[in-house]
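In what follows, a single structure is set out as structure tokens and then discussed.
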Amino acid sequence: MGSALKRIKALGFVLLLTMCCFAQNKNTREKIQIDKGWRFNFGHQYDTEKDFNHGTAYFSYLAKTGNGDGPAAPGFDDRAWRQLDIPHDWAVEQTFTEEGSFSHGFKAAGKGFPERSIGWYRKKIEIPQVDLGRIITLKFDGVFRNSKVFFNGYYLGTEESGYDSFEYDVTDYINYGGENTIAVRVDASMEEGWFYEGAGIYRHVWLQKTNPLHVTLNGTYVTSDVYTDYAMVTAKVSVENKGNYKGDIQIVQTVFDPMGKQVDLATENTEAPGFYQTTDVTSIFKTFDAKLWDLDNPNLYLLVTEVKQNGVVVDRYETTFGIRSIRFDAEKGFFLNGKNIKLKGTNNHQDHAGVGTAMPDGLQYWRIKQLKVMGSNAYRCSHHPPTPELLDACDRLGMLVIDETRLMGINKVHLESVKEMIERDRNHPSIICWSVGNEEWNIEGNIKGERITQTMQEYSHSIDPTRPVTVGISSGFRSGISSVVEIIGYNYLGNGDIDAHRNEFKQQPGMGTEEGSTFATRGIYFTDDEKHYQAAYDRKPRPTFYSIEEGWTFYAQRDYLAGMFIWTGFDYRGEPTPYGWPSVTSYFGMMDVCGFPKDNVYYLKSWWGNEPVLHILPHWNWKGKEGEVIPVWVYSNCDEVELFLNGKSLGKKTMKVKSHLEWNVNYQPGKLKAIGYNNGKKTLEQISETTGEAKAIKLTAHKQTLTGNSDIAMITVEVLDKKGLHVPIADNDITFEIKGGGKIIGVGNGNPTSLEQDRFVDDINLVNINNLQEQELTTATLPDELSVYADDNWNEAFNDRDYKKQAPAYVYKGTFELNGDLTKDKVTFFYQKIGVESTVFINSKKVSPAIDDTQKFVLAQSLLQKGTNTIHIIATPVYKEHDWDVVNTNPGVIQVVTPARKWHRKLFNGLAQVIVQTDGSGNDIILSVKGEGVKTDELQIKCETR
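Just so we're aligned: the sequence shown equals residues -23 to -1, 1 to 923 in mature numbering (1 follows the signal peptide of the UniProt record, and there is no 0).
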């Protein structure tokens, strides 16, 4: 991996150099990440008043262009909303409840929770005057789900899928040289999958600027044909004209090798396409001594595409690609670069402990690395297109991928999703197969399934003919989809006779798209149904399902099967089979939701990896079970293993290939030791020792230095006994504090029944001012003290007012309710002007505005009372210039911020995890931890700016 890392760094240097060279040229492309500084608040699924009256205007956004109302309006006051950065998953921040969705981890969000199913996001951006004449687009990598996007009040569109990327052109709606407002309404009330999906803008958002003559969205397509002495690289580019360019243009394509050296260049002359039309240009490169992309050396090339007119570069587009060959064979399985490779894959959903679906880029890389360490070489995106950063990680780390769409069908909503996925992802060398469906039981075994599969298969080939198509099938393997799909995807041995299908369809390659489905709780070795714990021994989970060992043995013994994908690599939220509440995560993973390995990982390392392995299970802390039989298993790829208890041999056993070894041991405290032998010689030794009580905390970060403004450190928290041994049964509650240039973004421990919070964020509630009334005043002078006003002179505020004949000033009175802990809560009044000049009184006391915002009033605790509070506003009136002018009648909102508890998490079987993210300041991070009865610890992480 060292040489590969050097090549990746070299390629990154080329990218940085070229970005710097062209950043000042307004003709060339800019892609700016706009993840920082959004405002967020919950709306409501059906109560329009709680949804900020969105969609209720006389002329709403669907009636007249530019009439976005409520939070979609540019002038909407969002100052009281929560400030956050995206990616953001609001579902993971909610509490657990038995009323929540079983499949989505019992979170109090989504269906059944109308007050937590709609989220509004708003952001203001400046776009300079010099950008006038460029094409400006907003790009969303993924929003869950059913998003409506507005720009300066203009409705841009709706994307129902929570997984598809999408882009909107905002060029004609921009306030050049001024402020622009992005508003996104997200409706997560309906689920797309039967697994945790999160809620919100959980992937990146980009602002892109291009010349009107530019490479289209996902507009390059690079393929390669590998021969004995050279490779032929074909680069197709689509150019779009959204301006008035006419005449000849040049397409210059330059290839850089993995070390950043230019190795080829081609120039194609063509005519500019017509207005809003596209033209395609193809360049072919003959590359000698090609550095192929493979699992151990994931070599990546860079294609730089320049669009020129009259010798001037007007657009520049970069494409990373790899040169490699792939082939599925009905007799011998899968081949990469002509070498037969057995697919050792895992299925995975897209959530992680603490952060849900809003995973930072660094976490995508960390998870792929964990799978590589286990010996895995393939990844199935179950069951939807992934975030682009996951595919980048697979490209750069050497992991094969099955990329999968969400829904099967032949209409626009289905085929457009397939098209978008393939065009976005087809330059990734890691992808070896497109999956167009999974376990569609209504159609798997009938003629409709055949028709749909054939249509989707041919449609996929029309976009990318270089990769085959598969479908994961679980209701039998003899008819319907399984008879026509290009690569048969077998989901579970127990669902049909795979050998019989093979004998009937001998020309059809196949692989196990799902297998295993074993129940296991990390660190648990006796099943306890009352506690919802499953023993971590690899046993058949259900009569018709097979263990990991049984599954791998079956697929490994059959050359005609390309390999198998275990269900799953990581545990995930939701689908807590075989239990229900209060289990909130799955039990299927080889690793838990934190990525801590279960024991099955070591079985796979033994037979999937290339390094010697010796692993004992279980741990050896069984107080109260003295003399009882404890099943002891050993995972190893050694020829023989001998087991010892307190120095006494319990026998030497020969390891069967793709198997494991077992002993029944009468428990005695002490040392359980295994020695592995190869060719009769001692190779490895492992000890499982009875430990003492937890005495100290140990923190371990996966990296010691963070760079940039969003890099992360995955920190393992464990406790040690007085001899420094890890205590595998510890359950201490650990509290975390962070200082310096970073923040904690999530905590977890892998316990499938833990109902602890994943994230600790301030709780923000917005309290409306009720029963607003008014009285006329005879003078425009604003007082410093509140007068006494007659009770019988109050009238409903702004009711039937003649705006041409107004009093010199008005006094307004309203009430608001406070029911929290006023000794902790921070209360702020965000005033929206209902007059030209104003004075505000709270509970009869005058309050002064904040220094940073004259329309914001931070309310001291001494002013407030639990229950009903009174607000008075004395203001001089606003006069209408035209009869149709709208005068604001909303005095504002009371924001109540309840500070979050300190970050904490209980250890589960000795482990917990903290995810720390840098803020880009370059200041070092110090994480401090403490727990009752254990010595505290502190970890310093160095931070660097790029």
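Ideal Cβ positions, reconstructed from N, Cα and C, are used throughout, including at glycine.
Check, Outcome
"Three-state class that DSSP yields for tyrosine 580 in the structure shown", "helix"
"8 Å Cβ cutoff met for valine 147 and leucine 133", "yes"
"Expected contact under 8 Å - CB spacing of alanine 678 and leucine 916 to nearest Å", "6 Å"
"Per-residue burial, threonine 562 [other beta carbons within 10 Å of its own, 16 or more giving buried]", "buried"
"Identity of the residue in Ser437, Ser302 and Glu417 nearest leucine 377 by Cα", "Ser302"
"Residues bridged to methionine 691 [DSSP beta-bridge criterion]", "Ile892"
"Contact check, threonine 197 vs leucine 277, beta carbons under 8 Å", "no"
"Inter-residue CB distance, valine 284 and leucine 194 (contact presumed, cutoff 8 Å)", "Not really, about 15 Å apart at Cβ, beyond 8 Å."
"One or two residues paired with methionine 209 in a DSSP bridge", "Asp202 and Lys263"
"Where arginine 16 falls: helix, strand or coil (DSSP)", "strand"
"Local conformation of isoleucine 420 per DSSP, three classes", "coil"
"Helix, strand or coil at lysine 530 according to DSSP, with G and I counted as helix", "Sequence inspection shows threonine at residue 530; the lysine mentioned does not correspond to that position. Three-state result, threonine 530: helix."
"For methionine 541, the first and last residue of its enclosing beta strand (DSSP E)", "538 to 544"
"Sequence-distant residues of the same chain with beta carbon closer than 8 Å to asparagine 30, five excluded per side", "Asp46 and Gly47"
"Residue closest to threonine 521, alpha-carbon to alpha-carbon, out of Val192, Tyr173, Lys483 and Asn468", "Asn468"
"Beta-carbon proximity of glycine 96 to phenylalanine 17, cut-off 8 Å", "yes"
"Where histidine 478 sits in the DSSP three-state scheme", "helix"
"Residue(s) in a DSSP beta bridge with glutamate 639", "Trp610"
"Reduced DSSP category for proline 760 - H, G, I as helix; E, B as strand; rest coil", "coil"
"Minimum length 4: unbroken alpha helix (DSSP H) runs contained in the region 73 to 118", "none"
"Option nearest aspartate 234 by Cα separation, candidates Ile674, Asp266, Val258 and Gly220", "Asp266"
"Residue interval of the beta strand (DSSP E) (run including tyrosine 145)", "143 to 146"
"Per-residue burial, phenylalanine 36 [other beta carbons within 10 Å of its own, 16 or more giving buried]", "exposed"
"Collapsed DSSP secondary structure at proline 574 in the structure displayed", "strand"
"Unbroken alpha helix (DSSP H) run spanning aspartate 402, endpoints", "389 to 402"
"Lysine 483 to alanine 307 span [Cα, whole Å]", "7 Å"
"Serine 665 in three-state terms, based on DSSP", "strand"
"Whether asparagine 846 touches threonine 792 by CB criterion (8 Å)", "yes"
"Cross-strand partners of histidine 849 (DSSP beta bridge)", "Lys790 and Phe818"
"Continuous alpha helix (DSSP H) stretch holding lysine 346: start and end", "338 to 351"
"DSSP-derived helix/strand/coil call for arginine 519", "coil"
"Beta-carbon proximity of threonine 495 to valine 462, cut-off 8 Å", "no"
"Endpoints, the beta strand (DSSP E) within which arginine 373 is located", "First-last for arginine 373: 365 to 374, but that is the alpha helix (DSSP H), not the beta strand (DSSP E)."
"For serine 412, the first and last residue of its enclosing beta strand (DSSP E)", "408 to 415"
"C-beta atoms of alanine 243 and serine 215 nearer than 8 Å", "no"
"Strand pairing of phenylalanine 885, partner residues [DSSP]", "Leu888"
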